[in-house]
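**Student:** Please find one structure pasted underneath; my questions will follow.
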Amino acid sequence: MKKTIHDKKLPHLRQALNGELMANAFEALFRRDYPERELQVQHCRVGRVYHKPGKDCGIMYRVSCRDREQRVHENWFYGKMFANGKVHSTSGKKHPATWPGCGFWKPVSLWRETEMILHAFPYDSYLPHLGRLLEPEFIKQQVEENLSGFGLPDGSRCLEVACEKIKYMPNKRCVLRYELRVRDPQGRERQLVFYSKTYDNAKSRYVFEVLRELCRHPKCNHGALNIPHPIAHIDEANTLWQHAWAGEDFRAAVKRCGWENLASSGYLSAMAAMLATLHQIELRQARLQAGPTFEMVLENARSDVFDLSGFLPEQAGALQRILNKLARTAATFTEPLPRVTMHGTFKLAQLLCREQQDHNPERQLPCRSGQLALIDFDSIACGDPLYDVAELVASLAYLHVSEDLALNIARHNVESFLQLYESQVPWPCERARHSWYVVTFLLGKMHSSLKRLEKKTEELAPAFELLYSWLDG
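So for the sequence shown, numbering that gives the first Met the number 0 puts the first residue at 0; every next one is plus one.
Below is the structure:
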């Protein structure tokens with residue numbers, strides 16, 4: 000869907016969300032700021048959008064351009080615009096003129112024509128060490144200090160490093176992909192691939208320690224539960240390194256053959272087995288943080304309802320009634336809950352898929368189950384297993400909205416997953432508590448769809464249909 004929105008307090012927002020218009024705008028900006036390079040913009044892709052109606056909007060751009068010598072330059076830029084010209088009040092703040100990893104790009108620019116503050120990657124005051132992670136010599140040094148994590152013998156050397164930018168969430172996270180050429184003491188060379196994830200705080204060490212113990216467990220990586228192994232933790236950069244797992248985004252793999260074929264693919268069984276296995280692993284050394292309480296989940300729902308009401312003022316009353324019912328229902332949950340090792344964000348976006356290969360490429364086959372791997376353990380904790388179950392169920396149900404999947408098929412997928420999961424765990428999937436969680440996750444998905452401009456406000460009628468069906472249990 001083409002990203003478009005109108006916000007009276009952000010008059011340049013429509014232009015800022017149009018990749019073609021912004022390509023011309025970036026070229027004009029580069030002519031002003033870097034005249035000697037004669038940069039010509041080849042492409043501007045609008046990435047994630049973080050919109051708060053009437054307040055501000057953050058927009059990720061990926062811009063590719065050529066200089067006068069036809070060299071290609073590509074970089075991420077994060078633009079932040081504020082309501083009522085507030086951007087000018089920040090223009091007096093001091094910003095660095097240069098920054099490690101930025102090269103010739105100005106770390107921060109005041110873009111008056113668009114009422115925007117523009118940050119060039121990797122400048123990020125919350126992730127101050129990103130620049131070092133783009134330096135080949137620093138990466139070579141870290142690789143050679145962590146040879147055992149790569150399964151390499153002592154004395155091995157890192158000869159070449161190539162880095163690819165994968166995902167960036169300003170002020171929060173950054174994922175990079177590295178390809179290495181290494182040589183062991185016998186002179187044998189090999190290629191290695193791994194991923195790097197940088198955090199805005201030292202929580203990266205917690206995730207690393209938990210993953211290290213989890214991946215050593217006998218139930219991990221021998222069937223149902225596959226997790227890319229951690230390699231090392233770079234303390235000074237709050238950065239976790241993990242081995243690559245040869246696969247692709249699960250959603251892309253299934254979308255090729257149609258979400259309507261998910262139930263017959265075997266993937267629902269694989270997801271249920273994966274989650275049931277994780278929930279029954281007891282970690283003895285790593286101290287897991289406590290999972291979300293009902294009040295924490297309810298507070299997130301309150302925040303989502305507040306923001307949703309800004310997008311959908313005509314639905315504010317209905318949303319408040321939903322929130323009130325969630326609060327009343329939460330007060331009835333008084334029974335002790337099972338406590339397990341929980342993922343914390345178990346949804347379709349956290350799955351990688353390695354499809355089965357067909358030796359006859361001309362034969363058209365429906366979706367067939369391959370191997371799955373689970374990633375992104377930032378929220379791993381000890382808590383209620385139904386929290387994870389409900390988040391996956393909300394992902395499956397929301398396909399009715401995000402992928403226009405028929406409601407009866409989405410419901411069938413949900414029921415199939417629940418039955419498969421419940422058959423593999425010793426605790427019951429208490430439906431009232433489970434449905435309560437699902438409603439809170441659906442509110443979050445609706446909010447995300449709007450603030451990222453994945454759906455227009457008038458396209459959310461099916462989402463309300465889902466909400467009411469789960470609210471009634």
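The beta-carbon is built from N, C-alpha and C at its ideal position, and this holds for glycine as well.
Once you ignore the five residues that flank Leu-146 on each side, which residues in its own chain have a CB closer than 6 Å to its CB?
**Tutor:** Ser-155
**Student:** Among Phe-193, Val-71 and Met-59, which one has its Cα closest to the Cα of Lys-79?
**Tutor:** Met-59
**Student:** Quick check: the Cα distance between Ala-262 and Asn-23, rounded to an integer number of angstroms?
**Tutor:** 46 Å
**Student:** Using only alpha-carbon positions, find the residue among Asn-200, Gln-185 and Trp-240 that is nearest to Leu-175.
**Tutor:** Nearest of Asn-200, Gln-185 and Trp-240 to Leu-175, Cα basis: Trp-240.
**Student:** At the level of alpha carbons, what is the spacing between Glu-208 and Leu-132?
**Tutor:** 21 Å
**Student:** Apart from the five residues just before and just after Ala-271, which ones in its own chain have a Cβ nearer than 6 Å to its Cβ?
**Tutor:** Phe-416, Leu-419 and Tyr-420
**Student:** Could you work out which residue in Lys-54, Pro-95, Ala-96 and Glu-73 is closest to Phe-25 when comparing CA atoms only?
**Tutor:** Glu-73
**Student:** Tell me the rounded alpha-carbon separation between Leu-12 and Arg-111.
**Tutor:** 13 Å
**Student:** Could you tell me which uninterrupted beta strand (DSSP E) segments, each at least 3 residues in length, are contained entirely in the segment 59-139, listed from first to last along the chain?
**Tutor:** 71-81, 107-110 and 115-119
**Student:** DSSP puts Met-341 in a beta bridge; with which residues?
**Tutor:** Ala-380
**Student:** Measure the beta-carbon distance from Ala-15 to Thr-113 and round it to whole angstroms, keeping in mind my assumption that it falls under 8 Å.
**Tutor:** 6 Å
**Student:** Compute the distance between the beta-carbons of Leu-213 and Thr-340, then report whether it is under 9 Å.
**Tutor:** yes
**Student:** Check each candidate in Arg-286, Leu-449, Leu-466 and Ser-195 and name the one with the smallest Cα separation from His-5.
**Tutor:** Out of Arg-286, Leu-449, Leu-466 and Ser-195, the CA that lies nearest to the CA of His-5 is found in Leu-449.
**Student:** Is DSSP giving Arg-362 helix, strand or coil here?
**Tutor:** Because the pLDDT at Arg-362 is just 44, under 50, the model does not fix this residue reliably, and the value given afterwards should be weighed accordingly. Note: Arg-362 maps to coil in three-state DSSP.
**Student:** Whose CA, out of Gln-185, Ala-396, Gly-257 and Phe-376, lies closest to the CA of Asp-153?
**Tutor:** Gln-185
**Student:** Does the beta carbon of Asp-248 sit closer than 9 Å to a beta carbon anywhere in chain E?
**Tutor:** Within the model displayed, chain E is absent; a lone protein chain is all it includes.
**Student:** Among the residues of its own chain, which have a CB less than 7 Å from the CB of Lys-2, if the five just before and after it don't count?
**Tutor:** Bear in mind that a pLDDT of 49 at Lys-2, under 50, signals an unreliable position, so the model cannot answer this.
**Student:** Relative to the ligand FMN, is the shortest distance from any of its heavy atoms to the C-beta of Leu-12 smaller than 8 Å?
**Tutor:** Inclusion of the ligand FMN in the displayed structure is not the case, the ligand content being empty and no account of it being possible.
**Student:** For Trp-469, which of helix, strand or coil comes out of DSSP?
**Tutor:** Looking at Trp-469 - three-state DSSP - the assignment turns out to be helix.
**Student:** Apart from the five residues on each side of it in sequence, which residues of its chain come closer than 6 Å, Cβ to Cβ, to Ala-329?
**Tutor:** Phe-293 and Leu-297
**Student:** What are the residues that DSSP puts in a beta bridge with Phe-193?
**Tutor:** Tyr-177 and His-242
**Student:** Looking only at its own chain, which residues have a Cβ that is under 6 Å from the Cβ of Asp-303, when we skip the five neighbours before and after it?
**Tutor:** Leu-442, Gly-443 and His-446
**Student:** Pairs of beta-carbons, one from the segment 426-442 and one from the segment 382-391, closer than 8 Å: are there three or more?
**Tutor:** yes
**Student:** For the beta strand (DSSP E) containing Val-160, list its first residue and its last residue.
**Tutor:** 156-168
**Student:** Whole angstroms is fine: what's the gap from Gln-41's alpha carbon to Asn-83's?
**Tutor:** 32 Å
**Student:** Using DSSP with H/G/I as helix, E/B as strand and the rest coil, what is Lys-444?
**Tutor:** helix
**Student:** In terms of residues, what are the limits of the beta strand (DSSP E) holding Lys-51?
**Tutor:** In the DSSP assignment, Lys-51 falls within the unbroken beta strand (DSSP E) covering 39-51.
**Student:** Measure the C-alpha to C-alpha separation of Leu-9 and His-94 and round it to an integer number of angstroms.
**Tutor:** When rounded, the distance between both Cα atoms is 24 Å.
**Student:** In whole angstroms, what separates the C-alpha of Ala-285 from that of Gly-100?
**Tutor:** 35 Å
**Student:** Please state the DSSP three-state secondary structure of Glu-143.
**Tutor:** helix
**Student:** Given Gly-148, which residues of its chain have a CB within under 6 Å of its CB, disregarding the five upstream and five downstream residues?
**Tutor:** Ile-230 and Ala-231
**Student:** Looking at the secondary structure, which residues open and close the alpha helix (DSSP H) in which Cys-352 lies?
**Tutor:** No alpha helix (DSSP H) holds Cys-352; the beta strand (DSSP E) holding it covers 350-353.
**Student:** Return the chain-ordered list of same chain residues with a C-beta closer than 8 Å to the C-beta of Arg-65, the five sequence neighbours on each side being excluded.
**Tutor:** So the qualifying residues of the chain are Leu-38, Gln-39, Gln-41, Val-71 and His-72.
**Student:** Could you pull out every residue in the same chain whose Cβ sits closer than 6 Å to the Cβ of Ser-108, ignoring the five residues on either side in sequence?
**Tutor:** Setting aside the 5 residues that flank it on each side, Ser-108 is surrounded in the same chain by Leu-117, each with a C-beta closer than 6 Å to its C-beta; the list follows chain order.
**Student:** State the DSSP-derived secondary structure class of Lys-2, mapped to helix, strand or coil.
**Tutor:** Note on Lys-2: pLDDT 49, under 50, position unreliable in the model; no value is reported.
**Student:** Determine the burial state of Ile-165: buried for a count of at least 16 other Cβ atoms within 10 Å of its Cβ, exposed for fewer.
**Tutor:** exposed
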